[in-house]
């Protein structure tokens, strides 16, 4: 998914989109599973560094307008037990206890499985085909 997202981002840069938002869930999944200081986690970050380098190169060489890259993280990573392990009840159960009677709390679990990105890429490729631009993408 990292490479698909990078490809779509590069297409948007070449087109001159005024702003581009991109989400990469891979590191979060690996760091939660293997731990934040593991070889797997650092390997994932190294791959993202390469992708960011590729995006910066496209901005420098082919972008029709200036861009600024802003990288954000939703949270850090640390070793430790889960909420349930530490407190004996889930975070959902804790929130439910704080809510007024009759209020509902919904828990969503799991990460991005790439379905949305694949659908976006498919739509983008269809758009390119319809516009007759398939041979021109990425050329100055």
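Residue numbers (the working numbering): 1078 to 1217.
Cβ atoms here follow ideal geometry from the backbone N, Cα and C, with glycine treated the same way.
All of these numbers come straight from a predicted model, not from anything done at the bench.
State the Cα-Cα distance for the pair residue i and residue j, rounded to the nearest angstrom.
i, j, result
"residue 1092", "residue 1140", "8 Å"
"residue 1081", "residue 1142", "23 Å"
"residue 1041", "residue 1159", "In the structure as shown, the chain starts at 1078 and stops at 1217, and residue 1041 therefore has no counterpart that could be examined."
"residue 1171", "residue 1154", "22 Å"
"residue 1083", "residue 1150", "17 Å"
"residue 1174", "residue 1164", "14 Å"
"residue 1138", "residue 1100", "24 Å"
"residue 1112", "residue 1152", "14 Å"
"residue 1215", "residue 1095", "Note on residue 1215: pLDDT 48, under 50, position unreliable in the model; no value is reported."
"residue 1098", "residue 1105", "18 Å"
Candidates the options: which alpha carbon is nearest residue i's?
i, options, result
"residue 1108", "1099, 1121, 1096 and 1097", "1121"
"residue 1204", "1110, 1089 and 1079", "1089"
"residue 1103", "1200, 1079 and 1199", "1079"
Look at the Cβ atom of residue i, then the Cβ atom of residue j, and state whether they are nearer than 9 Å.
i, j, result
"residue 1087", "residue 1127", "no"
"residue 1167", "residue 1184", "yes"
Tell me, to the nearest whole angstrom, how far the beta carbon of residue i is from that of residue j; I am working on the premise that it is less than 8 Å.
i, j, result
"residue 1085", "residue 1201", "6 Å"
"residue 1146", "residue 1133", "7 Å"
"residue 1136", "residue 1125", "Not a contact, Cβ separation roughly 16 Å."
Is it buried or exposed, residue i, if we count other Cβ atoms within 10 angstroms and call 16 or more buried?
i, result
"residue 1117", "exposed"
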